[in-house]
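Residue numbers (the numbering used here), protein chains in the order written: chain A, 2 to 306; chain B, -8 to 97.
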């Protein structure tokens, strides 16, 4: 069963009551909300996501609701909650949806330490994945969105979830938050992409969420073998370059960008060393998405030979 | 590097050095130190000093000579400040110690 199978009334009732169960890759969430605007967006953007089976464990109990106490009467606000606690200052109610999405990311980043969490987007084709570790502003979400609308499967836009037992990459095909100019870039690149409303003047500028293609959501339990590390950098008007990178440099960039490298200690060192050792590593500079997608298609084809 | 008994000072590797995990690519050594949960980046010289001390305590002169041979440079060609910097860094990380110092703290 998927969210889209629920009637508007049933969805609202779950959000306001015991919570809406949702499956995102290896995690099960329960979301509660008393905001009607949130329910409407959730119904639209979460429609293809599966509900957990009865009796399955919930990893995160989250909520987005009006704050308690006097504050709720002074301004129209929304608080993100995890296990009933509010770790962040309230958001304006118009930003409730991105606030929940950021909050879910925060839950994963701070709690899922049974996995190595690289700060990286990832896509897959033919069972092999490209990881795109990058800092904010380097264009990994934009590039990732372009690729998943060009024949690649979304593994994640934000988390490279590596299973310590076998080094496989686990999918986490959540909504992709595009920011500022990237929103129009993707609208032009793939007009058919499903993009939610633009939230103006959030803490991260203007944000709009891309819903991954259905194939990526349907295959959210299918891991992939990491095959390439590509370190992207969007540079205005720059010609495309895709150049091999020294593995020692790649190691340092992957390790320093990981969410929990220090937490996992030696396990993280071993995993990152094994990953970098078994992957081809490249730096990519680009300004044109078509060129970047073509170059990565060619890279994967060349390695097929 | 302490300045007592320059050259004749005996260096030893510490127990922390025994639990290092190594990953080498080209001339760069990525080293995980379990005792501090830190990852270090060593060059050839620094890595070879540790390798040399795996054979047991050695004088600074002997360590330098062994390292120069391993690097493939003429004896006496390894810059003194370069060698001293590498030994000093390993001391700071608690991976090597002078035998005299180690005995004094026991």
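Glycine included, C-beta positions come from ideal geometry on N, C-alpha and C.
Residue range of the unbroken beta strand (DSSP E) whose run includes residue i
i: residue 207 of chain A; result: 206 to 211
i: residue 109 of chain A; result: Premise fails: residue 109 of chain A lies in the alpha helix (DSSP H), 97 to 112, not in any beta strand (DSSP E).
i: residue 79 of chain A; result: 78 to 83
i: residue 163 of chain A; result: 160 to 163
i: residue 155 of chain A; result: 154 to 157
i: residue 64 of chain A; result: 61 to 66
Cβ-Cβ separation, residue j to residue i (assumed contact under 8 Å), whole Å
i: residue 224 of chain A; j: residue 171 of chain A; result: 5 Å
i: residue 67 of chain A; j: residue 35 of chain A; result: 6 Å
i: residue 52 of chain B; j: residue 77 of chain B; result: About 15 Å; that fails the 8 Å criterion.
i: residue 233 of chain A; j: residue 144 of chain A; result: 5 Å
i: residue 42 of chain A; j: residue 197 of chain A; result: 7 Å
i: residue 44 of chain B; j: residue 54 of chain B; result: 7 Å
i: residue 146 of chain A; j: residue 177 of chain A; result: 5 Å
i: residue 140 of chain A; j: residue 229 of chain A; result: That belief does not hold up - the Cβ atoms of residue 140 of chain A and residue 229 of chain A are roughly 17 Å apart, past 8 Å.
i: residue 290 of chain A; j: residue 186 of chain A; result: 7 Å
i: residue 166 of chain A; j: residue 106 of chain A; result: Contact flag wrong, Cβ pair sits at about 24 Å.
i: residue 63 of chain A; j: residue 108 of chain A; result: 7 Å
Residue i (DSSP reduced to helix, strand or coil)
i: residue 177 of chain A; result: strand
i: residue 102 of chain B; result: Residue 102 of chain B lies beyond the range of chain B shown here (-8 to 97); nothing can be said about it.
i: residue 127 of chain A; result: coil
i: residue 57 of chain B; result: helix
i: residue 95 of chain B; result: helix
i: residue 223 of chain A; result: coil
i: residue 139 of chain A; result: coil
i: residue 42 of chain B; result: helix
i: residue 191 of chain A; result: coil
i: residue 200 of chain A; result: strand
i: residue 296 of chain A; result: helix
i: residue 73 of chain B; result: helix
i: residue 283 of chain A; result: strand
i: residue -7 of chain B; result: Its pLDDT being 47, under 50, residue -7 of chain B is placed unreliably by the model, and the measurement read from it follows with that caveat. Here residue -7 of chain B sits in coil by DSSP.
i: residue 88 of chain B; result: strand
i: residue 132 of chain A; result: strand
Option in the options with minimal Cα separation from residue i
i: residue 207 of chain A; options: A/55, A/240 and A/183; result: A/183
i: residue 116 of chain A; options: A/3, A/273 and A/237; result: A/273
i: residue 3 of chain A; options: A/63, A/14 and A/50; result: A/50
i: residue 121 of chain A; options: A/133, A/59, A/63 and A/108; result: A/133
i: residue 193 of chain A; options: A/205, A/249 and A/149; result: A/149
i: residue 97 of chain A; options: A/23, A/271, A/217 and A/33; result: A/33
i: residue 114 of chain A; options: A/60, A/157 and A/140; result: A/60
i: residue 209 of chain A; options: A/99, A/13 and A/84; result: A/99
i: residue 124 of chain A; options: A/104, A/304, A/154 and A/103; result: A/154
i: residue 156 of chain A; options: A/135, A/181, A/129 and A/180; result: A/129
i: residue 191 of chain A; options: A/303, A/152, A/25 and A/87; result: A/152
i: residue 195 of chain A; options: A/179, A/201 and A/7; result: A/179
i: residue 16 of chain B; options: A/175, A/86, A/137 and A/247; result: A/247
Residue range of the unbroken alpha helix (DSSP H) whose run includes residue i
i: residue 266 of chain A; result: 262 to 279
i: residue 255 of chain A; result: 248 to 258
i: residue 24 of chain A; result: Segment 21 to 25 is the beta strand (DSSP E) holding residue 24 of chain A; no alpha helix (DSSP H) there.
i: residue 33 of chain A; result: First-last for residue 33 of chain A: 28 to 34, but that is the beta strand (DSSP E), not the alpha helix (DSSP H).
i: residue 11 of chain A; result: 9 to 17
- Message: Closer than 8 Å between beta carbons: that is the criterion. Which residues of the region 2 to 18 of chain B meet it against chain A?
- Response: 12, 14, 16 and 17
- Which of the residues in the region 17 to 47 of chain B, read from start to end, lie with their CB under 8 Å from any CB of chain A? When CB distances to chain A are screened at a threshold of 8 Å, the residues of the region 17 to 47 of chain B falling below it are 17, 19, 21, 23, 25, 28, 30 and 32, in chain order.
- Message: For the region 263 to 275 of chain A, list every residue whose C-beta sits within 8 Å of some C-beta in chain B, in sequence order.
- Response: 263, 266, 267, 270, 271 and 274
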